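J.: Got a structure for you, written out below as structure tokens; questions coming shortly.
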Amino acid sequence: MRDKAKCYDCGMPYGGTNWVDLTLPNDQWDLVFPEHEGLLCANCIVKRAAKLGAISIEAKLKLPEDYLEAPNAK
Ligand SMILES: [Zn+2]
Numbered sequence: 089m090r091d092k093a094k095c096y097d098c099g100m101p102y103g104g105t106n107w108v109d110l111t112l113p114n115d116q117w118d119l120v121f122p123e124h125e126g127l128l129c130a131n132c133i134v135k136r137a138a139k140l141g142a143i144s145i146e147a148k149l150k151l152p153e154d155y156l157e158a159p160n161a162k
């Protein structure tokens, strides 16, 4: 059984400094992640959506709270 506190595809830890929350409507989530066994990071959501081809993604993006204070953010 996979660790549900990590990205299902790449293993990035949920809530880590590189984690960006990307939330999709349920119908799009069903297409992107039919396994429904955990989480996907934003990168892996976009990769899977690209492989599906003609779907349009409407997503909410939540950046880490310290994102704008990071040295490379500007
Ligand atoms: Zn990932």
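Everything in the sequence shown is counted per the working numbering, starting at 89 for the first residue and increasing by one. Beta carbons are placed, not taken as given, at the ideal position from N, Cα and C, and that holds for glycine. Fair warning: this is a prediction, and the values are worked out from it, not measured in the lab.
1) Which residue marks the beginning of the beta strand (DSSP E) containing LEU128, and which one marks its end?
2) For ASP97, does the three-state DSSP call read helix, strand or coil?
3) Answer yes or no: do CYS129 and TRP107 have a C-beta to C-beta separation smaller than 8 angstroms?
4) Name the DSSP bridge partner or partners of LYS148?
5) Given that a residue counts as buried once 16 or more other Cβ atoms are within 10 Å of its Cβ, and exposed if not, what is LEU127?
6) By how many angstroms is the C-alpha of GLU153 removed from the C-alpha of VAL134?
7) Suppose the cutoff is 6 angstroms on Cβ atoms and the five residues either side in sequence are ignored; what does the same chain contact list for CYS98 look like?
T.: Taking the structure as given:
1) That residue, LEU128, is in no beta strand (DSSP E); it is neither H nor E in DSSP.
2) coil
3) yes
4) THR111
5) buried
6) 22 angstroms
7) CYS132
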